[in-house]
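Engineer:
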DNA sequence: CCGTATCAAATTGTATGCAAAATACAATAA
DNA sequence: TTATTGTATTTTGCATACAATTTGATACGG
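Shown next as structure tokens:
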């Protein structure tokens, strides 16, 4: 997986590099707790330490990495306590995004989400997990987009990045999976009715359940 | 309390530098929109460009600065639209912090907040704005602390940093000031009764009102 | 055998150097 | 005068160099 994809433009590496490393972490190229020696990353990305370190500091400030003075960066682990901290915050933000989306979503956007939803349902009935998760993610992003609040979106994505890896690998149970789909069905209804409080409630519950799933997956992984 | 202004340790500057620049921005040393030439900051802080740039990237990722490629950093301005985006998010987070605090606060912490509250009331009756704001800030921090959720605290403080400057300079009206104090009174009651939903509601309303105050101040500043 | 001291290698933290881009400004032309 | 273009200066982006700290391997003493 380490084929220097390289060329990156000569100037303005920062955002690219940050994104590249973020992807590697989310996709599990580096496991939680594993060290990220600057030298290795420099060679992988074909850049020098200066822009690399700038990217590392930013990722650390997002909570994706932990940098110990004079000891370098590690991929931040995710404990059950972390999950218990993260999900209530994400729940509050998702609830808000639901309320705002109901107030602001257009018919076109709603139709897009509906299309995604039924595609996701199809993946569920076929038992295809990766595409299911992919579309699931897209639906939540669409709702965030419909909320028309970039600040909210950034804050949410920051937090969600820290558990996305866990969610990828989470081996969801059939029961929970069916429940999640049914929750999504409810979301669609609430969105169509522009019932903000209802959507907020569903999202909060949805995320609470997801929290339990992720924690179970974490426990199983050990 | 951190009156070692100059010396900064020789190694591990990053956090110190970041904090230092953050303070300068919040305290208004650099006005919104003004450039932050690396050279100037380097000389001010007595460090070289490498650690400085790392700090700038982090602050930019927090939304406090804007970095244009090859054009350097500027203090991010705050438009009415920004405020309209920020406050609902902060409101959601404060509401959550209120709920959690009610569930977890100790009697000691409650007593501390009560003491701060009445000190703040005193500053109000005396018309002393700066100390009032200072204590106000401390009370909200104490509530966040009582919520026992560092992730929440970090997310909140990130957003709050972007408007703290505006709140400092906001020339609050007598009416609004009295209203804010009364809202704080209610908060204390709800906290004492451990009434999470009520505290959440008050905080949301409190923040909504604050939002209007800040927007008015922004409008007045032009 | 285990713990500790010591020293070389590796790794991180900071400073400096060099190239590219932007900015400022003066000279010229319309 | 105003617009424009060419040039010098400044500023940023990245790479490299040097300093400080950690790491881990080895030797020594208990």
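Protein chains in written order, with my numbering: chain A, 3 to 224; chain B, 3 to 224. Heads up, the beta-carbon is just placed ideally off N, CA and C, and yes, glycines get one too.
(1) Step through the CB atoms of chain A and report whether any lies within less than 7 Å of the CB of residue 212/B.
(2) Taking just the CA atoms, how far does residue 68/A sit from residue 62/A?
(3) Quick one: which chain B residues come within Cβ less than 8 Å of residue 151/A?
(4) How many angstroms separate the CA atom of residue 187/A from the CA atom of residue 173/B?
(5) Reducing DSSP to helix, strand and coil, say where residue 69/B ends up.
(6) Taking only beta carbons into account, state which residues of the segment 64 to 88 of chain B come closer than 9 Å to chain A, listed in chain order.
(7) Let me make sure I understand the geometry here. Which of 156/A, 182/A and 103/A has the alpha-carbon closest to that of residue 192/A?
(8) If distances are taken between C-alpha atoms only, which option among 82/A, 167/A and 154/A comes closest to residue 96/A?
(9) Judging by CA-CA distance, which residue of 52/B, 80/B, 91/B and 166/B is the nearest neighbour of residue 35/B?
(10) Indicate whether at least one CB of chain A lies closer than 7 Å to the CB of residue 14/B.
(11) Round the Cβ separation of residue 144/A and residue 115/A to the nearest angstrom and send it over; I've been treating them as touching at under 8 Å.
(12) Could you give the first and the last residue of the continuous alpha helix (DSSP H) run that contains residue 150/B?
(13) Look at residue 77/B and residue 216/B and say whether their C-beta atoms are less than 7 Å apart.
(14) Taking the alpha carbon of residue 190/B as the reference point, which residue from 16/B, 39/B and 109/B has its own alpha carbon closest?
(15) Select from 182/B, 221/B and 48/B the residue whose C-alpha is nearest the C-alpha of residue 127/B.
(16) Residue 59/B versus chain A: which residues are under 7 Å apart at the beta carbon?
(17) Give a yes or no on whether the minimum CB-CB distance between residue 94/B and chain A is below 7 Å.
(18) Tell me which residues of the segment 98 to 132 of chain A have at least one Cβ-Cβ distance to chain B shorter than 8 Å, keeping chain order.
(19) Just checking, does the segment 50 to 61 of chain B make contact with the segment 123 to 138 of chain B on the three C-beta pairs under 8 Å criterion?
(20) How would you list, in chain order, the residues of chain A whose beta-carbon sits under 9 Å from the beta-carbon of residue 192/B?
(21) Are there 16 or more other CB atoms within 10 angstroms of the CB of residue 20/A, so buried, or fewer, so exposed?
(22) Is it buried or exposed, residue 32/A, if we count other Cβ atoms within 10 angstroms and call 16 or more buried?
(23) Secondary structure at residue 167/B, three-state DSSP: helix, strand or coil?
(24) Measuring alpha carbon to alpha carbon, tell me which of 197/B, 65/B, 92/B and 39/B ends up nearest residue 72/B.
(25) Hey, which unbroken runs of the beta strand (DSSP E) at 3 residues or more fall wholly within the segment 66 to 124 of chain A?
(26) Give the secondary structure of residue 207/A by DSSP, where H, G and I count as helix, E and B as strand, and everything else as coil.
(27) Any beta-carbon of chain B closer than 7 Å to the one on residue 157/A?
Structural biologist: In short, the structure shows the following:
(1) no
(2) 5 Å
(3) 87, 90 and 91
(4) 48 Å
(5) strand
(6) 64, 65, 69, 71, 72, 84, 86, 87 and 88
(7) 103/A
(8) 154/A
(9) 80/B
(10) yes
(11) 5 Å
(12) Unbroken run through residue 150/B: none, as it is neither H nor E.
(13) no
(14) 109/B
(15) 182/B
(16) 16, 56, 59 and 60
(17) yes
(18) 98 and 102
(19) no
(20) Within 9 Å Cβ-Cβ: nothing; residue 192/B doesn't reach chain A, min ~18 Å.
(21) buried
(22) buried
(23) helix
(24) 39/B
(25) 67 to 70 and 74 to 77
(26) helix
(27) yes
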